[in-house]
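For reference, the structure is listed below as structure tokens.
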Amino acid sequence: MANLSLTFLGAKIKNPIVLASGILGVTKASLANVVKNGAGAVTIKSISKDKRKGHNNPIIITFETGMMNAVGYSNPGIDAAKEEFANLNEVGAPVFASIIGTAPEDFAYMAENFLSDEYAAVEVPLSCPHTPGFGTLAGQGTPEAIFNITKAIKEKTDLPIIIKLSPNSQNLGEVAKAAESAGASAINMGNTHGPGMVINLETRKPILDFKVGGVSGPAIRPITVRCIYDVYKAVKIPIIGTGGVNTGRDAIEMMMAGASMVGVGTAVYYRGISVFKQICDEMKEWMEGAGVKSVEEIIGAAHE
Amino acid sequence: MANLSLTFLGAKIKNPIVLASGILGVTKASLANVVKNGAGAVTIKSISKDKRKGHNNPIIITFETGMMNAVGYSNPGIDAAKEEFANLNEVGAPVFASIIGTAPEDFAYMAENFLSDEYAAVEVPLSCPHTPGFGTLAGQGTPEAIFNITKAIKEKTDLPIIIKLSPNSQNLGEVAKAAESAGASAINMGNTHGPGMVINLETRKPILDFKVGGVSGPAIRPITVRCIYDVYKAVKIPIIGTGGVNTGRDAIEMMMAGASMVGVGTAVYYRGISVFKQICDEMKEWMEGAGVKSVEEIIGAAHE
Amino acid sequence: MQIQRRVEQPIMLPIKKIIEDNKDFKTFVFEGQLGAKPGQFIMLWIPRVNMKPFSISNQTEDEFHITVMKVGEFTAKLFELKVGELLGIQGPYGRPFSFKAHGENVAIVGGGCGIAPVNFLIYDAISKGKQVYFIGGCRNKDLFIKADEIKSLPVETSFVTDDGSYGEKGFTTDALKRLLEKEKIDQIFACGPEKMLVAIGKIALERGIPCQISMERYMKCGFGVCGQCCVDDTGLRVCHEGPVFEARTLLDLKEFGAYKRDGSGTKQKI
Amino acid sequence: MQIQRRVEQPIMLPIKKIIEDNKDFKTFVFEGQLGAKPGQFIMLWIPRVNMKPFSISNQTEDEFHITVMKVGEFTAKLFELKVGELLGIQGPYGRPFSFKAHGENVAIVGGGCGIAPVNFLIYDAISKGKQVYFIGGCRNKDLFIKADEIKSLPVETSFVTDDGSYGEKGFTTDALKRLLEKEKIDQIFACGPEKMLVAIGKIALERGIPCQISMERYMKCGFGVCGQCCVDDTGLRVCHEGPVFEARTLLDLKEFGAYKRDGSGTKQKI
Ligand SMILES: Cc1cc2nc3c(=O)[nH]c(=O)nc-3n(C[C@H](O)[C@H](O)[C@H](O)COP(=O)(O)OP(=O)(O)OC[C@H]3O[C@@H](n4cnc5c(N)ncnc54)[C@H](O)[C@@H]3O)c2cc1C
Ligand SMILES: Cc1cc2nc3c(=O)[nH]c(=O)nc-3n(C[C@H](O)[C@H](O)[C@H](O)COP(=O)(O)OP(=O)(O)OC[C@H]3O[C@@H](n4cnc5c(N)ncnc54)[C@H](O)[C@@H]3O)c2cc1C
Ligand SMILES: Cc1cc2nc3c(=O)[nH]c(=O)nc-3n(C[C@H](O)[C@H](O)[C@H](O)COP(=O)(O)O)c2cc1C
Ligand SMILES: Cc1cc2nc3c(=O)[nH]c(=O)nc-3n(C[C@H](O)[C@H](O)[C@H](O)COP(=O)(O)O)c2cc1C
Ligand code: FES
Ligand code: FES
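Protein chains in written order, with the numbering used here: chain A, 1 to 304; chain B, 305 to 608; chain C, 609 to 878; chain D, 879 to 1148.
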């Protein structure tokens, strides 16, 4: 029998599929529901110090080949979120926190005051393409910014730190190395692409209220694969490959490019909430056909 | 009756759809065939001083939502190309040249020795993501490089210069302004995205011989639209919007974002060579329904 | 005209007609066959303003209706619009009401705003040959919607108001209990204020009568991705596994009748 | 097993069998139903080496063949491979040969390497109840492929070699002319060296006999995008509007029998 379990950042995980941040991650109950539907680990929706309303609706649309979102980091703020995400053992699988801020101090504050050892790790997206003050719109994607923010968090928490990168980074290798050298334990490659824009012809207006939004889903998979491939060449820390995975085949492709775990978000739209189980079943089927016993064997296989 | 004709860089063109460089552009006869199939203008495959073999095959693959190519600028070199593209009046519509080089001097050489006033304009891709020595792999996409190359060409030709940009440029506005201030007459926004990678699971190897390739087709449209929108805000010179257009609806969306003409390449794969006529028919149908008399009315309409 | 949707983007339709139900309610009529079922909702886009969920309050061969109560910024803006102006329609979304194959007598309970979605259900029930017992409740006469319309249908109706200004004085729950004593009811459907829904659900459960309830939660995407509408402790998505649920499913929820979350995810008491 | 393709990417298949036709030719057999028609080709991928076009030389319920002549780097590499090794198959591509609805007697002419694709056509013609007159030509006996196989079929055969070492001495054109004098031929099909194809096309045209010819040009994508295989002066794509064309279409081409282009687009005399 093909074995999907693996060790990631010291934790034993039953399969490499992790719920990506921002999809079905508003409540603990929803995370538990995702685990019931087959995910090996889950990531909470990103939390900031202060409560955020986010952008007006529409915040998510789809187009012929993918999805676009500009949620704008809506979240209830640190206090309500701490209450929401307590007793995480009830979720049934490792939970990754996700924290955001506009300056290194914010991240340090979040690390100190929000995190707890109930989380398996903390993920830090420095790569959102559609929220002013955050991510690439705030220059958080440069090697310097990444180094400083990672360091600031590292001083305040013992949790493994996962830095989530933007596929737009001009020199991904450098950017990933900056995270590694500042003490990050893993890279999440990566966030949404673009941003993109879809215009409604009748009104001649962009549809998303923020006009532009990060692109996810099938449209972005090949570029994500290349990004993972580049990061794998540059750093030794493990990678969560995220972006456009819809099937077991896609997940295996990400792992061959260098991912140890595979993030899944938009696929919930295309294949329903049981997509986590579906992907795992498809991976097992492929592994059995190919004679691969443990999923850990194929990590980085495309580099050989 | 809806009118698709427009004036672009001083030339009267029967419709805004232009064949993108590198698709069906190896021979003059092929360009004429594309015009017969409805294109308003055509662009030749990019030509370098010396003959180039390009990358080994596969140079083009498709994936679920688009296409990836790493042709590697195969072309017969300046002398054979001059012979190939003579008597361009036989093509039946304006022809844009496309020249490439590894240094500003190469571009100057091509401008001086390859171009003729049979061309309606010269396009200069500084944005190919998959050919060592050229485009973004050679740093040709920075504002400085764009400025210098445009200047060098400008000194050697009186043809209008179209600078073709990469969607990856971190600051598109700046990059477009560099071209404008160096004397470019138009921007082509843009080249392929990524690059991306598709891995064959059985062999655990990237499929494209160059491993990575530029992404085109439906997958990239929303990001292209946003890029056009950004460039339109930054410069006064007209824009050719290229990337992911498949239908008349898509072409109108590009024009509302700010494009004066719309490049079409990969759609030949999805809808056959008559795609140029199909797109024009669909544009006319939409214009008639929306009461738009001239296609020039909608350029940049999404900015109002 | 069949309204076709390939992607989750609004389709622009002109407002065909506006019916002023009363001072707080308007019904907006659009042309086209939406293919919706009773209990389903659409996301309504006022371009560059916002997009919010509204139930389909009726549907014919070539028209569909939504009935809106003015409660805040978005609905106020909507009330300013005139016939002919374009609105974006996205959907229909969600799990609809569904009739059991056997069971002639159905009780349909609508409280306040909740009369809108069940209005469509009443028409559907009639067309399927059900005997409909409708119970409508409101705070007072002025707030009632669709009362005359429903009265004109082949339906047994009873109306209640908190102050007795229309129909009997009392609550829908009282009326429902009276009905259940008199008639053998095979299935109950309800939509309205959540406290009322809890009470109705309990009445049905106690008596072992199948009951479907439509509930509301803050929605953003409307199609099951953002997680904004998930309920405790099951994590079910109101936009996708709901908005219509079996009463038992809802009564088992920790948050049903107790609290909900706003657009930032912050809990609010109900 | 039906081979299914959703995207233009190679599907990996193990070599099931290798037949050594002669010292320069090998036939590679793969398992699976490709759904190809005679005259169509596949792109064959040797992983991380290159990908090149080859015609389907036969197809049964559960197998298909390609027959390859060793001429350069890629084909030499291919000749080193063993049964069981994986090759990438992409396609089938191109416009196939097609029979006219009426017309019993068909002449099929294969010259050298061109015998490969017409081998498949012969089987197809027989299964459609045609009377097949096959003319095969080669420089000498040692280069012939499929001769014994074709001879064993219910087909009238005539073979010619430049040196008379197999069949008669002479060219396929001579044999064709002799055949046309003897029999009423309704349709001619041909594949082989381009100078031969020009001559055959002319013979057919002069006599007003419908004639389809398969030609080769340097191919990269194989599916009509790159433009590498376009011919002068029509710009038709050999990979897409061809490789099988009506003889008239080809004889009208400026370049047919005169020149072709290599992988960089540089013209070469034929
Ligand atoms: C499935 C569903 C069906 C609905 N059907 C109808 C209907 O048929 N008729 C009708 O009048 N109303 C309906 N609503 C409620 C309607 O969406 C809100 O009244 C409307 O969004 C209020 O917007 P506002 O800006 O005017 O008010 P606000 O001032 O923003 O809010 C007023 C109240 O409306 C609710 N609300 C606001 N935004 C949302 C949102 N995005 N999703 C859910 N609730 C929200 C909240 O409870 C809030 O307290 C429905 C809601 C849901 C979830
Ligand atoms: C539609 C079509 C069907 C073909 N069917 C067969 C077949 O059934 N059996 C067979 O043996 N050969 C066939 N060929 C030719 C075959 O593709 C070439 O022999 C092969 O590509 C040679 O590669 P190489 O590296 O061994 O030789 P090289 O040294 O690269 O080239 C030798 C010659 O092969 C031709 N060639 C090389 N590359 C290509 C290419 N990409 N496309 C077209 N021609 C090329 C050129 O004429 C060249 O001069 C076919 C070609 C086409 C276009
Ligand atoms: C609706 C939506 C909301 C998202 N919100 C967040 C977020 O809050 N934090 C974050 O790090 N990434 C966020 N993302 C990005 C995803 O985590 C993921 O990186 C991206 O969608 C690519 O993966 P996918 O194609 O599997 O969806 C969001 C994506 C979507 C579609
Ligand atoms: C097969 C192929 C070859 C290409 N070759 C070139 C080229 O030589 N020069 C160039 O400027 N762009 C080249 N491009 C990019 C296209 O001109 C165009 O910018 C891109 O494909 C996006 O448009 P599309 O989605 O309509 O194809 C090529 C694209 C493809 C698919
Ligand atoms: S509103 Fe987004 S999941 Fe329900
Ligand atoms: S081989 Fe590319 S168009 Fe024919």
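Here a beta-carbon is modelled for each residue, glycine too, at the ideal position from N, C-alpha and C. Small disclaimer: the values here were computed from a predicted structure and weren't measured.
| Query | Result |
| --- | --- |
| CYS847(C) vs GLY865(C) beta-carbon contact at 8 Å | no |
| Reduced DSSP category for TYR270(A) - H, G, I as helix; E, B as strand; rest coil | helix |
| heavy atom of ligand 7 below 7 Å from GLY835(C) C-beta | Ligand 7 is absent from the structure shown, which contains only ligand 1, ligand 2, ligand 3, ligand 4, ligand 5 and ligand 6. |
| Check: ARG852(D) C-beta below 7 Å from any heavy atom of ligand 1 | No statement about residue 852(D) is possible, as the shown extent of chain D runs from 879 to 1148 and does not include it. |
| One or two residues paired with CYS1089(D) in a DSSP bridge | ILE1066(D) |
| Distance cut-off 7 Å: LYS468(B) Cβ against heavy atoms of ligand 4 | yes |
| Test item: CB-CB of TYR377(B) and THR440(B) under 8 Å | no |
| Distance cut-off 7 Å: SER663(C) Cβ against heavy atoms of ligand 1 | yes |
| Where GLY258(A) falls: helix, strand or coil (DSSP) | coil |
| Neighbour list for ARG204(A) in chain B, Cβ cutoff strictly below 8 Å | MET560, ILE602, ALA605, ALA606 and GLU608 |
| ALA315(B), DSSP secondary structure in three states | strand |
| The segment 879-899 of chain D / the segment 360-374 of chain B touching (three or more Cβ pairs under 8 Å) | yes |
| Proximity test, Cβ basis, 8 Å: GLY313(A) and chain C | Any property of residue 313(A) remains undetermined from this structure, which presents chain A solely from 1 to 304. |
| Distance between ASP1130(D) and ILE989(D) (C-alpha atoms, nearest Å) | The sequence shown places Gly at residue 989(D), rather than the Ile named in the question. Near 22 Å, if we compare the C-alpha coordinates of ASP1130(D) and GLY989(D). |
| Closer than 8 Å at the beta carbon, the chain A residues around HIS359(B) | Near HIS359(B) there are no residues of chain A at all, since even the closest Cβ is about 16 Å away, more than 8 Å. |
| Among ALA783(C), PHE767(C), TRP653(C) and GLY640(C), the one whose alpha carbon lies nearest that of ALA807(C) | ALA783(C) |
| Best match in ASP250(A), ARG221(A), ASN246(A) and GLY248(A) for proximity to PRO499(B) [C-alpha to C-alpha] | ARG221(A) |
| Classification of ASN379(B) by the beta-carbon crowding that lies within 10 angstroms, buried from 16 upward | buried |
| Rounded separation between MET189(A) and ILE149(A) - CA only | 17 Å |
| Short CB-CB distance (under 8 Å) between LYS1145(D) and chain B | yes |
| Nearest-angstrom Cβ-Cβ length linking TYR1001(D) and ASN936(D), presumed shorter than 8 Å | 6 Å |
| Range covered by the beta strand (DSSP E) that runs through LYS537(B) | Here LYS537(B) belongs to no beta strand (DSSP E); instead the alpha helix (DSSP H) covers 525-538. |
| 8 Å Cβ cutoff, GLY1141(D) in contact with chain B | yes |
| Beta carbon proximity, GLY183(A) to chain B, threshold 8 Å | no |
| Contact test: MET947(D) Cβ vs ligand 2 heavy atom, cutoff 7 Å | yes |
| Residue span of the alpha helix (DSSP H) that contains ILE583(B), given as start and end | 579-594 |
| Inter-residue Cα distance where the pair is PHE919(D) and VAL292(A) | 34 Å |
| Residues sharing a beta bridge with GLN1146(D), DSSP | LYS1138(D) |
| Beta carbon of VAL949(D) nearer than 8 Å to that of PHE932(D) | no |
| Coarse secondary structure for MET804(C), derived from DSSP in three states | helix |
| Proximal residues of chain A, C-beta to C-beta of GLU557(B) below 7 Å | ILE199 and LEU201 |
| As assigned by DSSP and simplified to three states, the class of PHE147(A) | helix |
| Residue from PRO408(B), ARG530(B) and GLY604(B) with nearest C-alpha to SER352(B) | PRO408(B) |
| Separation of LEU844(C) from LYS1098(D), as counted between CA atoms | 51 Å |
| Proximal chain A residues relative to ASP860(C), where beta-carbon distance stays under 8 Å | By Cβ distance, chain A contributes nothing, its closest Cβ being about 12 Å from ASP860(C), past 8 Å. |
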